[in-house]
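**Q**
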Amino acid sequence: MSLIRALSKELQARSDDSLRALFCARPDLISPGVPDFAALAARASGRVSVQRALERLNRPQMQVLETLHLCTNADTGHSASAAMLKKLINGSSMAAIERLLLSLQELALVHRAEPPHGVTSAAAKQRHYLPVGSLKDVIGIYPAGLGRSYTELVRLQPAFAQRVVQLVGELHRSGASVSPATTPMEAALSLQHWTATPESLQAILATAPDRTPALLARFGNWAMGAVPQAQRRASVVHESADVGPVDWLLARGLLVPLDAAHVELPHSVGVSLRGGFVIENFSLLPPVPHLGHTSAGLRRNAALGAIAETLRLVGEVLYAVRAQPLATLRSGGVGVREMRRLADSLRIDVHQAGVLAELCGMAGLLRLDVDSSAWVQPPQLEWLSLPRQEQWLWLVNAWLASERAPSLVGQPVNAAAPGAAGHRGPAGTTINALSAEAQRPDAPVVRRRVLEILHELTLEAAAPDGQAPVLDAAAVLERAEWAQPRMARRFSSLIRGLLMEAEMLGLIGSGALSQLGAAIAGEQPDAALGILGEHLPAALQHVLLQADLTAVAPGYLDPELSDRLLTMAAAEGQGPATIYRFSVASVRRALDAGQDAAAMLDFLRQHSATAIPQPLQYLIEDTAARHSRLRVGAAASFIQSDDEAALLDLLNAPAASGLGLVRIAPTVVISHAAPRDTAQALKGLGLSPVLEDAAAGVVRLRRTTPATGSGRPVYTAPRTAPPEADIDAQLAVLRNNEALAPGTAGGHPPAAAPGSEEATQLGLETLLKAIRLKQRVVMNVVDSMGNASRETVVPVAVNGGRVRVFDPDKEIERVLSIHRIIDVEATEELFQ
Amino acid sequence: MNDGPLIVQSDKTILLEVDHHLATEARHAIAAFAELERAPEHVHSYRLTPLGLWNARAAGLDAEKVLDTVLKYSRFPVPHSLLIDVEETMSRYGRLRLEKDPQHGLVMRTSDYPVLEEVSRAKKIAPLLGPRIDGETVVVHSSQRGQLKQLLLKIGWPAEDLAGYVDGTPHPIMLNETGWKLRPYQHLAAENFWAGGSGVVVLPCGAGKTLVGAAAMATSSTTTLILVTNTVSARQWKDELLKRTSLTEEEIGEYSGSVKEVRPVTIATYQVLTTKRGGLYPHLELVDGNDWGLIIYDEVHLLPAPIFRMTADLQARRRLGLTATLVREDGREGEVFSLIGPKRYDAPWKDIESQGYIAPADCVEVRVDLPRDERVAYAMAEDADKYRLCATSETKTRVVEELVAEHAGEQLLVIGQYIDQLDEIGERLNAPVIKGDTSVKERQRLFAAFRAGEVQTLVVSKVANFSIDLPEASVAIQVSGSFGSRQEEAQRLGRLLRPKKDGRAARFYSLVARDTLDQDFAAKRQRFLAEQGYAYRIMDAKDVGTTS
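So the protein sequences, as listed, match chains V and X.
Quick note: the first sequence uses this note's numbering, first residue 38, plus one each step.
Quick note: the second sequence uses this note's numbering, first residue 150, plus one each step.
1. Is the CB of R384 of chain V under 9 Å away from at least one CB in chain X?
2. Name the residue from X:V192, X:S194, X:S240 whose alpha carbon lies nearest to the alpha carbon of K214 of chain X.
3. Using 10 angstroms around the beta-carbon of H460 of chain V, count the other beta-carbons present and answer buried if the total reaches 16, otherwise exposed.
4. Starting from I468 of chain V, trace the alpha helix (DSSP H) both ways and give me its first and last residue.
5. Answer yes or no: does any C-beta atom of chain X fall closer than 9 Å to that of V589 of chain V?
6. Along the region 218-233 of chain X, where does the CB come closer than 8 Å to a CB of chain V? Name the residues.
7. Could you pull the DSSP bridge partners for M257 of chain X from this structure?
8. What separation, rounded to the nearest whole angstrom, lies between the Cα atoms of A3 of chain V and S159 of chain X?
9. Give the DSSP-derived three-state secondary structure of T380 of chain X in the structure shown.
10. What separation, rounded to the nearest whole angstrom, lies between the Cα atoms of H165 of chain V and H148 of chain V?
11. Does the Cβ of W285 of chain V have 16 or more other Cβ atoms within 10 Å, making it buried, or fewer, making it exposed?
12. Where in the region 372-404 of chain V do unbroken runs of the beta strand (DSSP E), each at least 3 residues long, occur, reported from the N-terminal end onward?
13. If you check the beta carbons only, do L202 of chain X and T238 of chain X fall under 9 Å apart?
14. Specify, as a first and last residue, the run of the beta strand (DSSP E) that H299 of chain V falls within.
15. Cβ closer than 7 Å: which chain X residues qualify as neighbours of Y655 of chain V?
16. Have a look at X:D511, X:E543, X:A510 and flag the residue whose alpha-carbon is nearest the alpha-carbon of R521 of chain X.
17. Within 10 angstroms of its Cβ, does R289 of chain V collect 16 or more other Cβ (buried), or is it exposed?
18. Residues bridged to H177 of chain X by DSSP?
19. Given this structure, state the Cα-to-Cα distance separating G567 of chain V from G546 of chain V, to the nearest angstrom.
20. Does DSSP classify Q627 of chain X as helix, strand or coil?
21. Measuring only between beta-carbons, confirm whether A343 of chain V sits less than 9 Å from chain X.
22. Find the residues of chain V that neighbour R401 of chain X, judging by a C-beta separation of less than 7 Å, and give them in chain order.
23. Output the distance between the C-alpha atoms of R57 of chain V and Q767 of chain V, rounded to the nearest integer angstrom.
24. Can you give the Cα-Cα distance for M376 of chain V and L331 of chain X, rounded to whole angstroms?
25. Using 10 angstroms around the beta-carbon of G442 of chain X, count the other beta-carbons present and answer buried if the total reaches 16, otherwise exposed.
26. So, is N469 of chain V buried or exposed, given that buried needs 16 or more other C-beta atoms within 10 angstroms?
27. Within a Cβ cutoff of 8 Å, which residues of the same chain sit near G346 of chain X, ignoring the five residues on either side of it in sequence?
28. Taking buried to mean at least 16 other C-beta atoms within 10 Å of its own C-beta, is D569 of chain X buried or exposed?
29. Just the chain V side, please: which residues come within less than 7 Å of T474 of chain X by C-beta, in chain order?
30. Would you please verify whether the beta carbon of R663 of chain V is less than 9 Å from any beta carbon of chain X?
31. With distances taken Cα to Cα, identify the nearest neighbour of Y693 of chain V among V:N318, V:N338, V:D714, V:Q677.
32. Quick check: what's the CA-CA separation for T741 of chain V versus P416 of chain V?
33. Do you know how far the Cα of Q578 of chain V is from the Cα of L653 of chain V?
34. Going straight from the alpha carbon of T864 of chain V to that of I849 of chain V, what length do you get?
35. Skipping 5 residues on each side, what residues in its chain have a beta carbon closer than 7 Å to that of E680 of chain X?
36. Helix, strand or coil for N836 of chain V per DSSP?
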C-alpha cells in the first residue's frame, strides 16, 4: 500500500485529542486547512513539512528516526521494530525506543506497518514501523552521519567502480582476508564483508600507521571529509614503511574518493568503527553542562548597570541624530565614516555605536526618511516620554521580534551572511549598520529558543544559595544541539552576538540569566517591569554646580533638563553620572541659540542644589557681555500695536497661549504661528487685526505626515501552536468528511481528486518509487494543444518541476513538465 | 537601590559626593587604589589606572577587596566590564616575582608558566634573561634588574621585587625630637616605606616631606645619598637634618656645582649628576662608587631622564621617593613605579589641611583691563610676543601696588616670569628681587630675613619656584607665569601652604589681562586649582581695595 494511504488510514483512526496534539506540534499541517485525511497525510509526508517537523526533534528522537530510516526500506515495505533498533543503538532500552517511536508516530513521522516477511512469529507480534516517504530526501545521504554502502558507492561513483576490482585483487594478493572478485559489485560485496564487524575492522587496523585512529575519529560524526588530492594513486603494492594514514586507508578502500578533494567513509566501516552500532552514544537525558557561578548581587549589579547604560546611550544616539541625521550610503546602510562620527559624539567605539543604531532602528526610534535618505528620529516619539522601565521593555520587545542581527554589523560580508545578499559586496567589505546584510529572518526564533534554553539551564543548575549559574555560548549550543540538533547549526553564527545583545539589555548579567531575563523568557513582561521599576531610580531634577566650571548630575538626569544643559555646556564622562563642562565656547553656543545670560543663570539657579559658584557666574556674564548685540531670531508672524496695554492683555490671554507669543519690544510681539492663524486666533479673541503683507507672503503648503499610531512594538512570541479555534474547525471538517464517506474508513482508499494536494503527493510518491525501482508508470499527459494522451514510460529523475522519462517504445529520453501530467499510475508490478 | 556616596562611571572614573554622610569613610576606602584626579567643592573624581591598582596590590590589597569596596559604596550598579577589568589588571601584578636564589643569584619566578613564556619571548626582554632553571624560573642578570622591571611594566606584567636590598655601610642616625614631634602621618609614611622596601611617599607641599626622609634615615641608620633639585634646596635639607637629627656638620656633605664633598650623608643635586662631559657623566661615580644604604629622591616628579637610567642600575639599594604629586608632565609615572617603587603612602591634601597642618589657601583672579594703547600693541604683535606683552602690562604693576598696600604688614611674595617686570615692581615697591643671577648666598640671606620678618615683601622669579622653604608668606601675587603648567601652580601654591601661627588663610592673587592669551592660561589655572579644591573667585581690578 502507498505510504501516504497507510498514514492516512492511521490518522483517521486516531482520537481527536491525539490529532489535536499533532496539530499543535505541526501547525503547518492545517494551515491552510485540509479537506480530508488523505490530504492531511499527503501534507504530513511533504518534504517541507517533514523538514520543519525534524527541526523540532531532540537528539534521541532524531537518533531513533535515523536508525529506523537506515534499517527499513519503504520500497519493499521492509519495516523495523523496537527490538531491531535496540541492537543498533548502543546503551538504549526497549522501553525507551518504544516510547520514542510512539512519540514519532504521534508526530506522524512514522507509522505502523506489517512486519517484514520471514520474521519469527514472536517477532511479528511486535509493533513494526516505517518512516514517512520524504524522510530520505530531508535527512540527506548521510543518515546518522554514516556513509553509503560499498555497493551504492560502486553504483554511483564510476571512478571507484573502475578501480575497486583491482584494489580488491591487490588486497587479496597482499594477504588480506578479502575474497577476490571479477565485477565491481562483487568487489564491493567482498569489501563490505571484509569490514562487516568491529572485530574484523580492528584486525585490519592493527597494522595501520600511528595517526590512523585519530584521522578516523574525525569521521566519527560525518562520513565525508576533505582530503587534498583525494584521487591519488594509493596501492598496497610497493607500500613504503612510512606510509601516511590517508594513503593507507585509500589503498585498502577504507576511504573512498568522491572527487578531487573529498573522501567518504563507507557505511560498513563507519558502523564497525562505532562498535557495530549505528548510534554509539545514546542518552535520554540532555548533557549537563559544567557551569561556573556568580553571586546574585553581581548579577543584578551587572544587569541593572547595563540597562541604565543602554538606555542612556540610546538617549544619546537620539540626541545626536536629532542634531544631525545619519546619512546612508547609496548601497544601503550607514557607512563606517558616519558611524564613526556617531561613535565619537557618544564617546564609545564604532562597533557599539553600530549595535546601538541597529537597536534604535529595530525599535522604531530611528526611521529612514525617504526624501533625504537619512535615518532620522520620527516626530513626537512616544518613547522619549515613557518611564525608563517601559523604555526598556519597548527595546526588549523590539529586539525579540526583530529579524535583524545587530551583532553582525562590522563583520565581513561574506563570512557572516553566506546567503544571496552576502555575495553583493567585494571581498573584505564589512556589513554596515542598518543595511540589508544584517537581516536574518530566523533571528526571532533563534532568540526565543536561546532565551528558553537559558531559562531551562538556569532552572536545572543547582546553584548554591545566593549564587546564579554562569551560562556561556558553549553551554547553550550544547543544549541546543541536544534539544534540536537540526536547528542548532543556525544558532552557531548568531549565538555569541545574541548573548552580547542580551547582556546589553540586562537579560543576562555577569554571565547569568538575570531575574529580568527569566521573566522575559517566561513571557511575563509585567513581572519584569515590576522588578525594574523597583530598581531604577527616578530622574534627578538637580545638578551640582562647581567652581571648576562643571555641573555634575549625580545620576540619571531628567531628559528635558539634560537637553537644556547640553545647549550651554559640553557633556563629559561615560556612566551613570554626567559631567557638563561650561566653557566660553559652550556658553557662546547657548547665546547663539538665543538664550541670554539672565535666563541661563536663572535656569541654573533653579536646578542647582547649591549656589552658583562665582567663577561660573563670571564666565556666563562676561561671555554674554561680549556676545554680539544684534540678535536674529525666527518668528512666523508679528503683532504690532501702539497700545501697549492691549498687547499685555493679549500675552496673558489663555486662548492665545497656543500662538507661542513672545514680547520683544514694548509694542511688538512675535508669534510662532503663521500670519493667517495668528489673525484667526486674534479674531477669536474679539480683536480685529489687519493682516499686513498677506499677498506678498508665500503661503507654503507643507506636507504633514499623519501621526502613525504610537509605534510601540508589541512582541508576541513566535507562534508554536495554532489557535484553538483553527484546530476545532479543522477537526470538524475532517470528521465531517469522514462521515460523508463512511465506506472509506476501513475499505478501499478513495481515488484522489485530480489536482488536489493529495493527488500531487501521491503522484510524486509513485514517480519517486518508480525511479528507485526503475519500473514503468502510466501517465496521462496533456500537450501544449490541450490534447490528452496516455503514455507508458520509465521515469529517470524528478527535478525542478520537470520529469526526465525514458520512453521504452521509441527508445528515447524526454523531459516533461510536471504540470502537464494529470496523473500517474504505477503498472501492476510496482504494487507487488 | 544603594545609597552610597560613590558613582562609578564606565570610563573608569569614580565620583565621590563630598557632602554625603559616608563620604569620608568611602574616601579612605578608595584612596588605596584610585588616584584623586579632581577635588572641586562638591564632587571629587578619582581614576582607576593600572598603576593605581598595582600600587594597591603592592600594598597588600587584593582585587576582591577593591571590588567589595566599590560595590559597597556605589550608589548605582557598577559597570560590569569595569569590575572584570579591575580584577584582571590586579591579577597581573605579582605573577612574576624577582627573587634571590641562593644558588643562581637573582631569578625571576612565576606561578603561571604561560606568562613567563610570553615575557621571555618579548624581543626587548629576552636579552636581559639568563638561562632557564626550570619551567617557572629564569636567571636574571643582576645588572638588568631595573631595566627588566621597567620593560615588564611596559608590556603589562609588572614584577614584584622581592630580591631584597644590600645593607650599605652602617652609620648611626637618630631623630632628635626635642621641642617637636614627628606627626602621626609622617610616622606612618616612614613606616610604610620601610616595610615596603622601596617606594614613593606622596605628601603635599608643606606637610613635612623632609622629616619623612629623616625618619627613614634614622630607621635605616646607614650612609645615605639624598638627591635634590637645586642647591638652595640642598642647603635646606642640610639645615633641617642638622636641626632634627643627631647628624653633625661633619657628617653631611654637599655635592653640587660649587662643592664636592662625599660624607656619610651626601646631598647632591640632579643637575650635577646629569652634567655631561665628553659623552660621559663624570659625577655618576658618586652614586656607583659608594656603598649607600639608602637613596632619597626629593621631588620625584621632576626626576630627569638620566637619573632614571642611573636608577635602573641601583635596584639593589633602598630607594625613597618624595613628592607632592605623582603626576608627571612627561607622563613617566610608570618609570617612577618600576624604578623607584610603588606608592607607599599618600594623604589627600584636604585631609592634612583639615587636620590643621597646612593652611587653606584662598585664590583670587584679578582681571585687569589693558589700556587702549597696550591693546592696540597686543593686537598687532607677533604671536611669539603676545603673551609677554599682555603678561607684563603696566596696569598690573599698579594693581600690585594696590594689593601690597591692602595687605600691609603681612609677609608677601610677588612671583613672575619676566625679569624686567619684576625689576620694575621691585623698584616701585622698594623690595628686593631674587632672580637667576642672584647668588646663592644672597638668596639665603634674603630668605632668612624674610623668615625673620625683617623683609616683608619679596619679588621672586621662576628660580624660587622649587623646593625653597618660605614659611609665613601669607600673600602671594602672581603677575606672570609660564603657560599655566599644572606643576607650577601646585608649586606656587605650595609656597603659601605653610601653617600660619594665627590660622589665617593664605591669599593667592593672580593678575590676568582681560581678553588676551593671559586669560586663556588663567582659565587652565582656574580649572586646575578649582579641581584641587581651592576656593577660587574672580574680581575686577577696579574692585581691588573695596573688598578684602
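Where is the CB? At the ideal position from N, CA and C, for every residue including glycine.
**A** On the basis of the supplied data:
1. Here residue 384 of chain V refers to the residue found at position 347 when the first sequence is read from its first residue. So yes, R384 of chain V belongs to the interface.
2. Indexing the second sequence from 1 puts residue 214 of chain X at position 65. Minimum Cα distance to K214 of chain X is reached at X:S240.
3. Stepping through the first sequence from its first residue, residue 460 of chain V is reached at position 423. Note that H460 of chain V scores 44 on pLDDT, short of 50, meaning its location in the model is unreliable and no value can be drawn from it.
4. Within the first sequence, numbered from 1, the residue matching residue 468 of chain V stands at position 431. Run containing I468 of chain V: none; DSSP gives neither H nor E here.
5. The residue labelled residue 589 of chain V in the question sits at position 552 within the first sequence. Closer than 9 Å: yes.
6. L220, R224, F225, P226, V227, P228, H229, L232
7. Here residue 257 of chain X refers to the residue found at position 108 of the second sequence. Beta-bridge pairing links M257 of chain X to X:L247, X:V287.
8. Residue 3 of chain V lies beyond the range of chain V shown here (38 to 869); nothing can be said about it.
9. One-based indexing of the second sequence puts residue 380 of chain X at position 231. The answer is helix: DSSP assigns T380 of chain X an H, G or I state.
10. Walking along the first sequence from the start, residue 165 of chain V turns up at place 128. Walking along the first sequence from the start, residue 148 of chain V turns up at place 111. Distance between the alpha carbons of H165 of chain V and H148 of chain V is about 8 Å.
11. Reading the first sequence from its first residue, position 248 is the one you call residue 285 of chain V. When all chains shown are included, W285 of chain V counts as buried.
12. none
13. Position 53 of the second sequence, counted from the first residue, corresponds to residue 202 of chain X. Position 89 of the second sequence, counted from the first residue, corresponds to residue 238 of chain X. Yes, the pair counts as a contact, with Cβ atoms nearer than the cut-off.
14. Position 262 of the first sequence, counted from the first residue, corresponds to residue 299 of chain V. Counting along the chain, the beta strand (DSSP E) containing H299 of chain V begins and ends at 299-301.
15. Along the first sequence, read from residue 1 onward, the residue named residue 655 of chain V stands at position 618. Result: I687.
16. Residue numbering aside, residue 521 of chain X sits at position 372 when the second sequence is read from its first letter. Cα-wise, what sits closest to R521 of chain X is X:E543.
17. Mapped onto the first sequence, residue 289 of chain V falls at position 252. Per the 10 Å Cβ criterion, buried.
18. Working through the second sequence from its first residue, we reach residue 177 of chain X at position 28. Answer by DSSP bridge pairing: none, since H177 of chain X is not bridged.
19. Mapped onto the first sequence, residue 567 of chain V falls at position 530. Mapped onto the first sequence, residue 546 of chain V falls at position 509. Distance between the alpha carbons of G567 of chain V and G546 of chain V: 18 Å.
20. By 1-based counting over the second sequence, the position of residue 627 of chain X is 478. Of the three classes helix, strand and coil, the one that applies to Q627 of chain X here is strand, per DSSP.
21. The count along the first sequence starts at 1 and reaches residue 343 of chain V at position 306. Closer than 9 Å to some Cβ of chain X, the Cβ of A343 of chain V qualifies, so yes.
22. Indexing the second sequence from 1 puts residue 401 of chain X at position 252. The residue asked about is misnamed: residue 401 of chain X is Ile in this sequence, not Arg. Correct list: empty, because the minimum Cβ distance to chain V is about 43 Å.
23. Residue 57 of chain V sits at position 20 when you count from the first residue of the first sequence. Residue 767 of chain V sits at position 730 when you count from the first residue of the first sequence. Each residue's Cα considered, the two are about 10 Å apart.
24. For the purposes of this step, residue 376 of chain V is identified with residue 339 of the first sequence, where counting begins at 1. For the purposes of this step, residue 331 of chain X is identified with residue 182 of the second sequence, where counting begins at 1. Near 60 Å, if we compare the C-alpha coordinates of L331 of chain X and M376 of chain V.
25. Looking up residue 442 of chain X in the second sequence gives position 293. Buried, by the Cβ-count rule.
26. Position 432 of the first sequence, counting from 1, holds the residue named residue 469 of chain V. That one is buried.
27. Counting from one through the second sequence, the residue named residue 346 of chain X turns up at place 197. The answer, listed in chain order, is D310, G313, Y314, R467, G490.
28. Translated into the one-based positions of the second sequence, residue 569 of chain X becomes position 420. Answer is exposed; the Cβ neighbour count stays below 16.
29. Residue mapping note: residue 474 of chain X aligns to position 325 of the second sequence, counting from 1. Per Cβ cutoff of 7 Å: no residues; T474 of chain X is ~17 Å from chain V at best.
30. Residue 663 of chain V sits at position 626 when you count from the first residue of the first sequence. It does: the Cβ of R663 of chain V has a partner Cβ on chain X nearer than 9 Å.
31. Stepping through the first sequence from its first residue, residue 693 of chain V is reached at position 656. The residue asked about is misnamed: residue 693 of chain V is Ala in this sequence, not Tyr. Looking at the Cα atoms, V:D714 is the closest of the given residues.
32. Locating residue 741 of chain V in the first sequence gives position 704, counting from the first residue. Locating residue 416 of chain V in the first sequence gives position 379, counting from the first residue. Below a pLDDT of 50, predicted positions are generally treated as unreliable, and T741 of chain V, at 39, falls in that range; the measurement from the model is reported next regardless. Each residue's alpha carbon lies about 11 Å from the other.
33. Translated into positions along the first sequence, residue 653 of chain V becomes position 616. Translated into positions along the first sequence, residue 578 of chain V becomes position 541. Near 20 Å, if we compare the C-alpha coordinates of Q578 of chain V and L653 of chain V.
34. Taking the first sequence and counting its residues from 1, the one referred to as residue 864 of chain V is at position 827. Taking the first sequence and counting its residues from 1, the one referred to as residue 849 of chain V is at position 812. Spanning the two alpha carbons is a distance of roughly 20 Å.
35. Taking the second sequence and counting its residues from 1, the one referred to as residue 680 of chain X is at position 531. Correct list, in chain order: R187, A188, P189.
36. For the purposes of this step, residue 836 of chain V is taken as residue 799 along the first sequence, with counting starting at 1. Note: N836 of chain V maps to strand in three-state DSSP.
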